[in-house]
Every structure is written in C-alpha cells, then in structure tokens.
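Take a look at the structure below.
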Amino acid sequence: MAFLYVILFAVLFKMTEETPIKPGASGRYCDYRACVTVAYANNYTEMGCDNDGGIFPTCDHDQDYCYYSGDTRICCCNSDHCNDCSLHPGHCFNPRGVKWQKDCYFFNETLSAFIIAEEMCNNLGGHLSSIHDGFTNNFIAQNAAYYFHGSTTVDLWIGGSDMISLGNWSWTDGSPFIFTEWNHGKNATGEDCLAQSFNDGRWNAVDCFKAKPYACTVPL
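Per this note's numbering, residue 21 is the first one in the sequence shown, and the count goes up by one each step.
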C-alpha cells in the first residue's frame, strides 16, 4: 500500500490543472487532487472515490472514470462532483457565474423581457432559474441583490410561468413546480411570468414583457 501511495503522489505532482485527463477531450485535472484511482497495465487495481483511506476524501463512487495516459486512470473528486472532466472542473466557465450545488448561476443585469431572458439562458446551455427549496431561493435573492444593486428594478426573472396553461405554473426547464414563495396574493394577478424580489426573495406574477434582469441556471 505504501508503494501505491508513492506512485500516486508521483503522478499527482507531475500533473497540473492544464493537463488533459481524457485524451482527445478538453478535460482538466480537478482541484481536489487527493481523490484519485490508479490502475496499472495488466493489473488494473482500482480505488474508487468512495474509498476514504485516510488521505482520500469521501466522494460518491462513479464508474465513469476519466483517463490519463494509457495505463493510469484518474478518478476526480471535486467538491460534490466525481469524475468531472469538464473544461473547468467544478467551476463555472464564466467569471460572472456562481457555483451552487451542481449548477452554475449567471446573473445578467441586462433588462430583458421574459422570453428574451429565457433565450439568452438557452444560449448558455441552461434556462431561467427554477427553484425547488428555500435555500436556493435565498441564494438567488442574495446574489441578485449583490449583482443588481444598481438596477432600476427590485426584482428579476426566474423560470416560472403559466403561459402554457393558465393558473398552472411550470418551470421552463421542465422540472417539477414543487416549491413556492409567493408574495401574498401575487400568484393571482392575471399575469403569466414569475419574478423574484431580491429584497425579500418573494415571488410575484408580472407582465412577461416587462424588462428585468434575470438569473440563468446552467448544469455543470
């Protein structure tokens, strides 16, 4: 086992964040460099990311290994991500992006109508933000207050609307509409698009053509 650790650390010190993990792909080595699995030719002894052997952080096991060189496999553990072979592992690709759980959130101060805001989020690979719990609701409101502190409006677009079926609210990303934070009576205003106040995080149904800043959610 000691010999394995020596080989392991030799591999780790040799590699940098600019070292591709998977030949032919754009992956980069993860930040959490202690969580790896090493396999040797004709041996292929694998130590999963869920192996907490003292120096290895615990991380959910994943069989989709990232590859480095011909004989050595590197299994990456980055925060709450295993085997992150993305171009920016565990990080948002845009400096304005904020990582929360397994997604990146982008706060765009450009005042836009709801449909335009959703289209811009689609161009990033995501949707207007959907919210499924109070923690995420507070996270978005707090970041919106920070990024939009000079805005002429006090709310932002998130991804809810009842344009498809009046009175039946849904998220543009298709996820279940299971959490609400309506301002008192503001879900029955006759308007069809969902805005969140970044003063208190409460939701209002407003005119979809109003120009507002917005939050996008893009999966990592």
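By construction, the Cβ of each residue, glycine as well, lies at the ideal position given by its N, Cα and C atoms. Everything numeric in this text was worked out from a predicted model, so none of it was measured.
{"Query": "Residue nearest to M183 in terms of C-alpha spacing, selected from T192, D175, W177, L176", "Result": "T192"}
{"Query": "Beta-carbon proximity list for D220, same chain, < 6 Å, skipping 5 on both sides", "Result": "none"}
{"Query": "Cβ-based neighbour list, I178, same chain, cut-off 8 Å, excluding 5 preceding and 5 following", "Result": "L148, S149, S150, I151, I160, L214, A215, Q216, W223, Y234, A235"}
{"Query": "CA nearest to the CA of A137, picked from H204, L176, T156", "Result": "L176"}
{"Query": "First through last residue of the alpha helix (DSSP H) which encompasses A165", "Result": "154-167"}
{"Query": "Beta-carbon separation (whole angstroms), L144 vs V238, contact threshold 8 Å", "Result": "5 Å"}
{"Query": "Separation of Y125 from H108, as counted between CA atoms", "Result": "In this prediction, H108 scores a pLDDT of 46, lower than 50, which makes its location untrustworthy; the coordinate-derived value is nonetheless stated afterwards. Computed Cα separation, rounded: 15 Å."}
{"Query": "Same chain only: Cβ atoms within 7 Å of A231, ignoring 5 sequence neighbours per side", "Result": "L131, S132, A133"}
{"Query": "Range of the contiguous alpha helix (DSSP H) that encloses E129", "Result": "It is not in any alpha helix (DSSP H) - E129 instead sits in the beta strand (DSSP E) that spans 123-132."}
{"Query": "S12 burial status per 10 Å Cβ neighbour count (16 or more: buried)", "Result": "An answer regarding residue 12 cannot be provided, because it is not within the stretch 21 to 240 covered by the chain."}
{"Query": "Euclidean distance between Cα positions of A165 and F218", "Result": "5 Å"}
{"Query": "Exposure of G117, with buried meaning 16 or more beta-carbon neighbours within 10 Å", "Result": "buried"}
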